[in-house]
Structure formats: structure tokens, C-alpha cells
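K.L.:
First the structure, then my questions, so here it is.
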Amino acid sequence: MKTEILVHATAEETWVAVLENQVLVELYIDQSGSERFSGNIYKGQVENVLPGMQAAFVDIGLDRNAFLYIADVKAKGKQVKETANIKKLLRPGQQVVVQVVKEPTESKGARVSMHLSLPGRNLVLMPGADHVGVSRQIQTEKERERLRQAATNIKPPGMGLIVRTVAAGMEEDEFAQDLEFLQRLYKTIKRRSRTKTVPTLLYRDLDLVYRIVRDLFTPGVDRFVVDSWEVYERTLELLSIMSPELKDRVEYFEPEKDLLLTYALEADVEKAFRRKVWLKCGGYIVIDQTEALTAIDVNTGKFVGSTSFQATVLKTNLEAVKEIARQIRLRNIGGIIVVDFIDMEDPEASGRVVTALEDQLKRDKIKAQVLGLTKLGLVEISRKKERRSLESVFLKPCPYCGGKGKIPSEQAVGFKIRREIQRLVAEEKPGALLVETHPSVAAVLIGPGGKSLKQLENNVGVPIQVRGMKSLHSRDFALVPLASKEELWAAGIPVKAGQVITASIEERHLTKTMDGVARIEGFVINVKNGAMFVGETVRLKITKVSRTYAQAEMLDN
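Just so you know, this note's numbering puts the end of the sequence shown at 634, numbered straight through with nothing missing.
This is the structure we're talking about:
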């Protein structure tokens, strides 16, 4: 099987796509403005202890307190039983060192653990543990035992080690550099925990590209393609330290060729949000995600087979297995997953399907377990939740249907517009460019004080004006090439100096608290002394116009 890793990196976002036999199976996204917390280590303070939940809430300095469950508590350097009395182990005001194991969401704080783990290239160091483990991706029992013994020989007293997949075939002495680095890192974290006041960040996990090189770029990867020269050079530097033998697999991809379009990654992502996914045989699967669980239904669809009904059912189910495993990885679905395969009368056929599903999920870096068939003939899967789902990165609850559906978020649409602008400018090189989009997206593109718009202009080298239009759906936009900056100014700004207009004061100005803010077609108008009239419709005289906002004074109303 041919495995490729594609990296698209800009100042605003980074995409890392994993392809198996030219099929997208995993996607990692980092976007400016969205912070990642998983893996970070904090010194926090216990805010309250809840015996009824066997849990505590810990202030680690984020918007919401973190959740610490009894199984993740460590007392006197040892793990405690879930039946222990949590009030005897934790008290309000107690200072604890914890690591984020599950990202916070809009409604819940991060989940944290007192059992720390520090990943390196070949090993994971677990301070406070006292055992040795080997990656489940290494399946040869003889090799597993050899690696386990090698790790046991170098294991520091009172600490645990896990041998990672990339270490297959390595000798004991090759682990030394990795272990030395991780021990130094842990000493630094301990030193900071003694001197820093709560709440404070003690250790931040590394950026996406470093994590991908560390965790995914193994000898099993055939190509590592990067479209940023800076990231390309940094990848080679990292490999010089970690795995020099992999450097010749790194390729630079000219940004002008557009990596996302060349490999159709954007199209694949859009398909990943569809409820119905077609199979090659003509059958299809339906995926419904809820907060509690994900349900997947398998159907024969257009496939009628050629021999018998049971043969048709088995073929459809086996093909569905591959697509289900792929969709779970691609969408990063976590928690409980229930699959309703087409009913099979033959127990042997049912066993083949379950075994095939287990085999497919072994490729998944995130632990997934097939729990077998229920009495209702459903297959249950549990998969660890480690990072945000693909859906949560790109979509938000739909405001038009009361949250029953989802649409692309303003930020996701903004990033798409930026990519389309770069493509258009590369092809046509217009004198100026007018962007028409929904006001909420326009605000994201312009940014506070026009900062984001100025950065975009600097990147593409073309004057740009953004016009908010309420008539457009929040996911729709138009790019209008213009000949000159003067033509852009006339087309993109809806008001002129000296003009008298009627508008509603929508909110108080963020920094000038006596002033108010009105909007015409999404264009911001700062209203002098307008803070007292929020929610009212008033007459205004435009006194000054700039590219991203206008100033106005109130007339007698």
C-alpha cells in the first residue's frame, strides 16, 4: 500500500492530508485563531470536588474549568481505583499538575489527567508509571517482545515507557537520544511547576508540522510533499535529528501549482460532510452524528448482484466495511459508533464482516475497538476522542433551522475565499478585486481595524475591497475583478463623505465607549456619541470615509 503525506501551509492555515493508495484517509487542520490544547501540561488549582460524579473541576486558566475524573487522579505517585473516595484525594484550593487529554468544546471544558505522557520520536515517557508497552501497530509478537525487553533495559526507575510504531527494527542504543531528551523535558516541567503560580501553562505541545513529522512520518510513508519552502526546510532539519534516512522522501511542491486542487483535497472534504456516501458496487452508507453517538446504516442501493441475495448482501457489507473505516478516520468520529449492516442469515458471513472491520480499523492511529454484534444485529465500535472532529473544524450549527443542521462557519468560508482570491490573482492579475459576501463573513475577512484585509492584500499584491451583502447566504460569495483602485473604491464603499443616511445603531464601539456602530451592507460606520442609541434607528451624516469603515455624526432625530 502506497502512503503519502501532503502538507499545505500558509500564514492562515495548515492542512496535512494522509493518502493511502491515493485515497484521502486522514486530515489534520490548524487555522489561525483556533488554539489547540490537547497534550499541553498545566499547573492548576482544584476549584470544587463533586463526590457524586467522582470528579473535580480544575482551573487551568482557560475559559472553562477542566474536568478531572477519579480514574485520572494520581495520589502519592500512584494511580487510584475508581471506587476510591475522591474527597480524600482532592480538596478545593489544592494545586495539581495536569495534562489535557481531550479538547474543550463550546459547552464543556477540557478533560485532564494527572498521569502525564511525553511523546518523543521513538518513545513515550510516562512519569509516575512503572511499566513498558509496545505500539499495537507492531503486530509481530517476536518483534514486540524484543522491543519490550530493549525498553525495559533503559527504563528509568519509577517511570514508564511506550515504544512507538516508528521504532520497529531499532536497537536499544538507538533509543538513548530520545530518552535523554524526554527526561530533560520532564525535569524542566518539574522545575517550572515548583516556581510558577497557578494557573499557568508548563508545557505546550509542538506545532502541527512537527507533530506530523514526529508521529506520522514513519518508514512506511513513501512521499512527504510540502508546498511551503519554510516548512520544507524545517522538515529536513527535523529529520536530520530524528530519521535522516527519510530525508530523500521529502518533496517540495511549487505553491503556484496549487496542491489542494491538484489532489482534489477540498472536494474530498466537502464530500466528507455528506450524510450519504456511495459505494463502488452501487450500495451506500448513511452517517448520522449526534452528541451521544454516531449511527451508520448500510444499504444495497442500486446494487442487485448476479448470483444470490445473500451474496449481494455480503459483498455490499464487505465493501461498506472499508468505507466505514475510512470515514471514521477522515471525519475523526469519536465515542460510540453503531453500525447497522444489512442482515445476514449466515453466522459465518457475519463473522467475516466483523473480522474485516477489525482489520481495517487496525490502520487507525487512534485506538478503536469493535465490541461485536448486539442482540439486535448491530455492530458496536468505541473510538477514543483525541481531537476535534472534521465537522467541528469546518461547520457550525445552522442559524436558519434552530440548530438541527449545520453550515460552514464564517471562518471556514473566509479561508475558502482567501484561497479562491489567491487562485484568481495568480491567473488573471486584476488591477483590483471586489469581494461580495455575507456581512458576518465580511467581518472575518476584514478583521479588527482592517488588519486581516491588509495582510491579505500584502500576500496577493492587489487592492481588495470587501462588501457585505445580507442578500447572500453565509456560504456564498462572489469575486469581481476590477481594472483600478479608483474603480474598486467606487464599487465597494456604499457611502460617501457628506451623505445623509438612516441607519440602526447596532452596538457600542469596542474601544471608544461613547460611540456606537452602525452598518450599511456590512460596511462599518462609527457613530460619534452613538452609544446611548443602541437599538434605535437614527439619521446620520457621513463625515469621513476610509477603506474599511466610515465615521459619522448624529443629526437631530
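Glycine is no exception: its CB is placed at the ideal position from the N, C-alpha and C atoms.
1. Specify, as a first and last residue, the run of the beta strand (DSSP E) that residue 190 falls within.
2. Would you identify the three-state DSSP class for residue 324, choosing helix, strand or coil?
3. Does the region 586-593 touch the region 530-545, meaning 3 or more C-beta pairs lie closer than 8 angstroms?
4. Count the other CB atoms within 10 Å of the CB of residue 573; is the residue buried (16 or more) or exposed (fewer)?
5. Go to residue 254, then tell me how far its alpha helix (DSSP H) extends in each direction, as first and last residue.
6. My guess is that residue 92 and residue 313 are in contact by the Cβ rule of under 8 angstroms, so how many angstroms apart are they, rounded?
7. Residue 386: buried (16+ other C-beta within 10 angstroms of its C-beta) or exposed?
8. Looking at residue 625: is its Cβ nearer than 8 angstroms to the Cβ of residue 508?
9. Where does residue 203 fall in DSSP's three states?
10. If you draw a straight line from the alpha carbon of residue 192 to that of residue 482, how long is it in whole angstroms?
11. Who are residue 101's beta bridge partners in DSSP?
12. According to the neighbour-count rule (16 or more other Cβ atoms, all chains shown, within 10 Å of its Cβ), is residue 396 buried or exposed?
13. In three-state terms, what does DSSP make of residue 319?
14. Rounded to a whole number of angstroms, what is the C-alpha to C-alpha distance between residue 322 and residue 296?
15. Could you please give the first and the last residue of the uninterrupted beta strand (DSSP E) stretch that includes residue 459?
16. Could you check what DSSP says for residue 620 in three-state terms: helix, strand or coil?
17. Quick check: the region 409-419 against the region 457-464, are there 3 or more CB pairs under 8 angstroms?
18. Just list the alpha helix (DSSP H) runs in the region 537-573, keeping only unbroken ones of 4 residues or longer that don't cross its boundaries, in chain order.
19. What beta strand (DSSP E) runs, 3 residues minimum, are completely inside the region 162-241?
20. How is the alpha helix (DSSP H) around residue 520 delimited, first residue to last?
21. Could you compute how far the alpha carbon of residue 108 sits from the alpha carbon of residue 212?
22. Could you tell me the boundaries of the beta strand (DSSP E) in which residue 398 lies?
23. Can you tell me the Cα-Cα spacing of residue 517 and residue 473, whole angstroms?
24. Inspect the beta-carbon positions of residue 144 and residue 113 and report whether they are closer than 8 angstroms.
25. Taking the C-alpha atoms as reference points, what is the distance between residue 547 and residue 585?
26. Between 377, 373, 149, which has its C-alpha nearest residue 206's C-alpha?
27. Taking residue 580 as the reference, give the member of 550, 564, 612 with the closest Cα.
28. Could you check the C-alpha separation between residue 515 and residue 368 for me, to the nearest Å?
29. Report buried or exposed for residue 371, applying the criterion of at least 16 other Cβ atoms within 10 angstroms of its Cβ.
30. For residue 497, which residues from the same chain have a beta carbon less than 7 angstroms from its beta carbon, with the 5 sequence-adjacent residues on both sides left out?
31. Taking all protein chains shown into account, do 16 or more other C-beta atoms lie within 10 angstroms of the C-beta of residue 103, making it buried, or fewer, making it exposed?
32. Looking only at DSSP bridge pairs, what is residue 513 linked to?
33. Shortest alpha-carbon distance to residue 138 belongs to which of 423, 151, 181?
34. Buried or exposed for residue 299, please, with buried defined as at least 16 other CB atoms from any protein chain shown within 10 angstroms of its CB.
35. Assess contact between the region 274-290 and the region 238-258, defined as three or more Cβ pairs (one per stretch) separated by less than 8 angstroms. Is contact present?
36. Count the other CB atoms, across all protein chains shown, that sit within 10 Å of the CB of residue 85; report buried if there are 16 or more and exposed otherwise.
P.N.:
In brief:
1. 188-190
2. helix
3. no
4. exposed
5. Its alpha helix (DSSP H) spans residues 253-272.
6. Not a contact, Cβ separation roughly 20 angstroms.
7. exposed
8. no
9. strand
10. Looking at the backbone, the Cα of residue 192 and that of residue 482 are separated by about 38 angstroms.
11. 96
12. buried
13. helix
14. 9 angstroms
15. 456-460
16. strand
17. Contact between the region 409-419 and the region 457-464 is present: three or more C-beta pairs spanning the two stretches fall below 8 angstroms.
18. 562-569
19. With a minimum length of 3 residues, the continuous beta strand (DSSP E) runs that stay inside the region 162-241 are 172-179, 188-190, 200-204, 209-211, 236-240.
20. In the DSSP assignment, residue 520 falls within the alpha helix (DSSP H) that extends over 516-523.
21. 30 angstroms
22. Where residue 398 is concerned, there is no enclosing beta strand (DSSP E), although the alpha helix (DSSP H) it sits in stretches over 386-408.
23. 13 angstroms
24. In this structure, residue 144 keeps its C-beta atom at 8 angstroms or more from the C-beta atom of residue 113.
25. 21 angstroms
26. If we check each option's Cα against that of residue 206, 149 comes out closest.
27. 612
28. Separation of residue 515 and residue 368 (C-alpha to C-alpha, rounded to the nearest whole angstrom) is 29 angstroms.
29. By the neighbour-count rule (16 or more Cβ atoms within 10 Å), residue 371 is buried.
30. 556
31. By the beta-carbon neighbour count (other beta carbons within 10 angstroms, threshold 16), residue 103 is buried.
32. 544, 555
33. 181
34. So residue 299 counts as exposed.
35. The region 274-290 vs the region 238-258: no contact.
36. Sixteen is the threshold: when 16 or more other Cβ atoms of the shown chains lie within 10 Å of the Cβ of residue 85, as they do, the residue is buried.
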